[in-house]
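In terms of our numbering, the numbers along the sequence shown are unbroken and rise by one, the last being 135. Backbone N, C-alpha and C fix where the C-beta goes; we use that ideal spot for every residue, glycine too. Computed from a predicted structure; not experimentally measured. Have a look at the structure below, then the notes.
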Amino acid sequence: MKKFVTAVQDTEGEDEDRGVPIEFDLDGREMKAYRPHEGQLTFMLAALGRGQTDDQRYAAIVNIMMSSLKGDDQDHLESRLLSNSRKERLRLKQLEEIFEYLISEWFADPTQSPSDSAESEPSALQKSPPATT
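And the structure:
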């Protein structure tokens, strides 16, 4: 049986090293959204994929946005979504526009340039070029 160890790894400063935040203005309040880590991106792709209802997609957007914000920014977004006042309540269409902006910014600035990535070894399944003599 294959075993997987999921013990906490030594990730010194990883929680604080989420990169440069993407700033956006929500009705005069400057907000900062941090790039999602690979687990959050995996969740995002699964939650926004085919077969999901609109309600499921919006729930995923809220989850992803809340995890990309910190402290007071999380509280502010939550209070805007849950507000009883129609004037203060953030509409889902507005939330979707903010999310689309963040996605475009996150993916416009890749975490690793192609020159930084390690070249992979050729796969044994790849065909070798014909030998020349």
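- Collapsing the DSSP output to three states places R59 in a helix.
- The residue from L79, G53, L71, K4 with its alpha-carbon nearest to that of H39 is L71.
- I105 has its alpha-carbon roughly 16 Å from the corresponding atom of L94.
- F101 is classed as buried because its beta carbon has at least 16 other beta carbons within 10 Å across all chains shown.
- Between the stretch 81 to 91 and the stretch 46 to 63, the count of Cβ pairs shorter than 8 Å is below three; the stretches do not touch.
- Taking a C-beta distance under 8 Å as the contact criterion, E80 and I24 do not qualify as a contact pair.
- Taking all protein chains shown into account, M68 has fewer than 16 neighbouring C-beta atoms within 10 Å of its C-beta and is therefore exposed.
- M33 is bridged by DSSP to F26.
- K4 has its alpha-carbon roughly 32 Å from the corresponding atom of R20.
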